[in-house]
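Listed in order, the protein sequences are those of chains A and B.
Throughout the first sequence, residue numbering follows the working numbering, covering 8 to 404 in sequence.
Throughout the second sequence, residue numbering follows the working numbering, covering 140 to 467 in sequence.
From the three backbone atoms N, C-alpha and C, an ideal C-beta is built for every residue, glycine too.
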Amino acid sequence: MSRVWNEQLKRWTTYPYDLPEEYDFQWSAVFNINRCIACQTCTMACKSTWTFGKGQEHMWWNNVSTKPFGDHPRGFDAKLLSMLPKGKTIFEAAPEGERVLGYIPDDVDYDYPNAFEDSTCGPHIGAGQFQEINVSKSQTQDKQWFFYLQRICNHCKKPACLAACPRKAIYKRKEDGIVLIDQERCRGYKKCIMACPYKKTFYNTFTKTSQKCIGCYPRVEQGETTRCIAACVGKIRLLGNIEDEKSPIHYLVHKAKVALPLYPQFGTEPQIYYIPPRWVNTKFLAMMFGNYDEGKIKHAVKTYMNARHDVELLGVLQLFGTTQQIVGSYEIINRSNPKEAKVRAFDLKGQELFVVPIYPKVEVHLTKDEQLNITDTEKLASLDIRHDTNTPWRNQY
Amino acid sequence: MRSAKEPIPILLLLVCAWMIAGTFPVPLSLGALAATAPAKGKQKVDANASVKPGQAVSSNTIEMRQSSASGTEVLDPMHRSWSSAPASSIALQAQNVVTPYGGGSIKAVLVKSLRLPSGVAFRFEWKDDTRDNDTVHQTKFRDAVAIEFPLGTTNDTVLAMGSPHGPVDIWHWKADWEPDAPVMNEKPYEKDVDSPSIGSAQSLYRRLHVDSPQEANTAQGAGGPASGMYNLFPQSAHKSPVEDIVAIGISSVTTKPERFQTLKGRGIWRQGSWHVAIYKPLPDKSDDTCPQFLSGSSINTAIAVWNGASQDRNGMKSLSNWTTLKIR
Numbered sequence: 008m009s010r011v012w013n014e015q016l017k018r019w020t021t022y023p024y025d026l027p028e029e030y031d032f033q034w035s036a037v038f039n040i041n042r043c044i045a046c047q048t049c050t051m052a053c054k055s056t057w058t059f060g061k062g063q064e065h066m067w068w069n070n071v072s073t074k075p076f077g078d079h080p081r082g083f084d085a086k087l088l089s090m091l092p093k094g095k096t097i098f099e100a101a102p103e104g105e106r107v108l109g110y111i112p113d114d115v116d117y118d119y120p121n122a123f124e125d126s127t128c129g130p131h132i133g134a135g136q137f138q139e140i141n142v143s144k145s146q147t148q149d150k151q152w153f154f155y156l157q158r159i160c161n162h163c164k165k166p167a168c169l170a171a172c173p174r175k176a177i178y179k180r181k182e183d184g185i186v187l188i189d190q191e192r193c194r195g196y197k198k199c200i201m202a203c204p205y206k207k208t209f210y211n212t213f214t215k216t217s218q219k220c221i222g223c224y225p226r227v228e229q230g231e232t233t234r235c236i237a238a239c240v241g242k243i244r245l246l247g248n249i250e251d252e253k254s255p256i257h258y259l260v261h262k263a264k265v266a267l268p269l270y271p272q273f274g275t276e277p278q279i280y281y282i283p284p285r286w287v288n289t290k291f292l293a294m295m296f297g298n299y300d301e302g303k304i305k306h307a308v309k310t311y312m313n314a315r316h317d318v319e320l321l322g323v324l325q326l327f328g329t330t331q332q333i334v335g336s337y338e339i340i341n342r343s344n345p346k347e348a349k350v351r352a353f354d355l356k357g358q359e360l361f362v363v364p365i366y367p368k369v370e371v372h373l374t375k376d377e378q379l380n381i382t383d384t385e386k387l388a389s390l391d392i393r394h395d396t397n398t399p400w401r402n403q404y
Numbered sequence: 140m141r142s143a144k145e146p147i148p149i150l151l152l153l154v155c156a157w158m159i160a161g162t163f164p165v166p167l168s169l170g171a172l173a174a175t176a177p178a179k180g181k182q183k184v185d186a187n188a189s190v191k192p193g194q195a196v197s198s199n200t201i202e203m204r205q206s207s208a209s210g211t212e213v214l215d216p217m218h219r220s221w222s223s224a225p226a227s228s229i230a231l232q233a234q235n236v237v238t239p240y241g242g243g244s245i246k247a248v249l250v251k252s253l254r255l256p257s258g259v260a261f262r263f264e265w266k267d268d269t270r271d272n273d274t275v276h277q278t279k280f281r282d283a284v285a286i287e288f289p290l291g292t293t294n295d296t297v298l299a300m301g302s303p304h305g306p307v308d309i310w311h312w313k314a315d316w317e318p319d320a321p322v323m324n325e326k327p328y329e330k331d332v333d334s335p336s337i338g339s340a341q342s343l344y345r346r347l348h349v350d351s352p353q354e355a356n357t358a359q360g361a362g363g364p365a366s367g368m369y370n371l372f373p374q375s376a377h378k379s380p381v382e383d384i385v386a387i388g389i390s391s392v393t394t395k396p397e398r399f400q401t402l403k404g405r406g407i408w409r410q411g412s413w414h415v416a417i418y419k420p421l422p423d424k425s426d427d428t429c430p431q432f433l434s435g436s437s438i439n440t441a442i443a444v445w446n447g448a449s450q451d452r453n454g455m456k457s458l459s460n461w462t463t464l465k466i467r
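What follows is the structure, given as structure tokens:
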């Protein structure tokens, strides 16, 4: 066992192997939960690219589930949380003779990938009553709430799958931090499936080997984003290199602190970061994204809700889903003049990708139904659209 | 351990018999218990017939006797040619040297060995209440047995998978590589878990949504998930249930190239015991990936047994110490 520093938990933890202190490139992404509509386009983009083969029917390298009740495999997180002593990582809590604390899901756990879709959580709202939604405050927990959780392999900095493999058939690539299973060396022992706290390694029942999300490495090698990110209709995802201080991912996670890792308490340092949903119970979010620290959630939600007044954050949010290239760095132009402010994105080689306005000009087409004589001129005119949404340019269309 | 547990059912039976029939002859009820072992016609000639699998009479040598039997004959673990071979009961322990620890549910394995004109053969027999040959399901693991030999000149290397200076040769029989093991269906719509099995192999398919063309599903075919790879696992039909492996230390197990995969085997599970025969055609003298089994010599060997029902796999196994193989 080696002593390793866990940046997300801000403490020394144990890991079966020595790890490099720094990576040149760490594949990482930010998912904005607030914008996801669970259309599953990402899921199908991944499925049709990588897991359409025999023995892969139960594999969803990408899945979008409805929290708090749903996920795939069924209840994986609730089960591990109930097994894990608070304050310990899955490596520290490993039973005698094992390297990682975990379990193997049963067949049936894989069979209903979208169970509990759109199921809400919260007190009963009686007949004739309606849910009040208040968006004026920095965070409002809705009475009844649910949210969509988009999950792929976290390509962890301390991968539990890698730690558990008795054959060292799993490796983390130096050049981009992508975690892969060598299909030539894998003998289907399922120790990675037992160990992965996110249950994102899968046993192929036909090849008798384990397989997992490959981070779309053939695309990443070309400087392109993954299939799930490129296909995202809601433009909720952004891929990048968190180790690079110029990267938008680094900005969102380390500077704005608006995006948080999923279940950091497991101790694997997952590299998918989530902008937490505004309308959800803070305590619940703290359990999922904050290592039980509600302060982190409150800060993230408050920062996100204030994006309209934060030219850099709003600029970075414009980078989501705007290109299929990986955005390596960006710059904010005319930072002090919001009307002229723009964000310029560069690819990993420093070539310019695009320039988009942060507060684009908005044309409002007022309509009047002559027959019914209905207009809402006064109300629309009073709206300051620039200040009403953090994605203002959608009003152009 | 086992002998400490056995008196209880015997005593219970005796008490019951005494209560029901009064003066019931004791030898009869003991004989009825012993009859649960597989009955064999010519066991009287077997020099070690008194050693039953699982019995804690351990030995640290295995004797390889000369035999005129053919390879095909010894591949039947129930063939009479095996009755001439002396049996050694090899004690097994749990593996607790390297994580993950495991094994220990199989206490002993009965080993026989023959040197044929055409090659060498081993026969393994051990008690296992469940026949685990299904690796189609998520939480299922296979029963297996393996025998290890040091390679090269040292004849003495690290028991746990050898070392870079002392590689080991491992012959690994797997229950799910036998032709009658469950496999995934070719046509999942037509057959699933609830349907009766078709053919010799039991077909299994979970109730899952499948919308991809089945022709895209050949794992090792063009574009399949294991295409261009050399891995014997992604095959629906295995040429042999025995894999020939070389290792130079922990985590280094490597399947030998295709041209060295000459091992044959046959495993039969009957009445709570596995009976497995492994046959190796006599290796080429220049082949240094396999011991030469020279007559009159002794080499080290070790045996491991995996119990699928106990979730055994990889290093999670019941294994023996170094055992001397005396080649007659």
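For A/Tyr22, the three-state secondary structure derived from DSSP is strand.
Under the three-pair Cβ rule at 8 Å, the region 218-231 of chain B does not count as touching the region 273-282 of chain B. Residue burial is scored here from C-beta neighbours: B/Ser206 has at least 16 other C-beta atoms within 10 angstroms and is therefore classed as buried. Short of 7 Å from the beta carbon of A/Pro80, and not among the five residues preceding or following it, lie these beta carbons of its own chain, in chain order: Pro112, Asp116, Tyr117 and Lys206. In the DSSP secondary-structure assignment, B/Met203 is bridged to B/Ser252 and B/Ile466. The DSSP assignment places 154-158, 177-179, 186-188 and 208-211 as complete runs of the beta strand (DSSP E) inside the region 148-213 of chain A, in order along the chain (cut-off: 3 residues). When 7 Å is used as the limit between beta carbons, A/Glu191 is near these residues of chain B: Met368, Tyr369 and Asn370, in chain order. Following the DSSP letters along the chain, one finds A/Leu245 inside the beta strand (DSSP E) bounded by residues Arg244 to Asn248. Contact between A/Gly274 and A/Ile97 holds: their C-beta atoms lie close to 6 Å from each other, under 8 Å. Around A/Gln331, the same chain offers Glu231, Thr232 and Ala237 as residues with beta carbons nearer than 7 Å, after the five sequence neighbours per side are excluded.
A/Pro367 is the residue among A/Ile333, A/Thr329 and A/Pro367 whose C-alpha sits nearest the C-alpha of A/Glu347. Counting only runs of 4 or more residues that sit fully inside the region 76-147 of chain A, the alpha helix (DSSP H) segments are 83-90, in chain order.
Cβ proximity to chain A below 8 Å picks out Arg452, Asn453 and Gly454 from the region 422-454 of chain B.
Closer than 8 Å to the CB of B/Val392 there is at least one CB belonging to chain A. Counting C-beta atoms within 10 angstroms of its own C-beta, A/Asp125 has fewer than 16 neighbours from the protein chains shown and is therefore classed as exposed. Nearest CB-CB separation between B/Pro239 and chain A: below the 8 Å threshold. When rounded, the separation of the alpha-carbon atoms in B/Ser391 and B/Met300 is 8 Å. Judged by pairs of C-beta atoms under 8 Å, the region 250-269 of chain B does not touch the region 125-136 of chain A, as fewer than three such pairs exist. Rounded to the nearest whole angstrom, the CA to CA distance from A/Gln138 to A/Gly82 is 28 Å. In terms of CA proximity to B/Pro306, B/Thr296 leads the group B/Thr296, B/Lys313, B/Ala314 and B/Trp312. Residue contact check for B/Pro289 against chain A: no CB pair falls below 8 Å. Assignment of B/Ser220 by DSSP, reduced to helix, strand and coil, places it in the helix class.
Judged by DSSP secondary structure, B/Lys266 falls outside any alpha helix (DSSP H) and instead within the beta strand (DSSP E) spanning Gly258 to Lys266. In this structure the region 157-176 of chain A lies against the region 276-291 of chain A, because at least three pairs of beta carbons, one per stretch, are closer than 8 Å.
Classified as exposed, A/Pro27 has fewer than 16 neighbouring CB atoms from the shown chains inside 10 Å of its CB.
In this structure, the alpha-carbon of B/Val415 lies about 18 Å from that of B/Arg452. Per DSSP, the unbroken alpha helix (DSSP H) holding B/Gly210 starts and ends at Gly210 to Val213. Taking a C-beta distance under 8 Å as the contact criterion, A/Trp67 and A/Thr56 do not qualify as a contact pair. From the listed residues B/Gln431, B/Leu433, B/Ile309 and B/Asn439, the smallest Cα separation to B/Ala283 is found for B/Ile309.
Bounds of any alpha helix (DSSP H) do not take in A/His261, whose DSSP letter is neither H nor E. With respect to chain A, the C-beta atom of B/Asn235 has a partner C-beta closer than 8 Å. Taking 8 Å as the cut-off, the beta carbon of B/Gly406 is found no closer than this to the beta carbon of B/Tyr418. Within the DSSP bridge table, the entry for B/Gly406 names B/Val415 as partners.
In this structure, the straight-line span from the alpha carbon of A/Asp354 to that of B/Met455 is close to 48 Å.
In the same chain as B/Thr440, and ignoring 5 residues on each side of it, the C-beta atoms closer than 8 Å to its own belong to Ile201, Ile286, Glu287, Phe288, Trp461, Thr462, Thr463 and Leu464, in chain order.
Cβ neighbours of A/Ile339 within its own chain (closer than 7 Å, five residues either side excluded): Val318, Glu319, Gly322, Ala348 and Val350.
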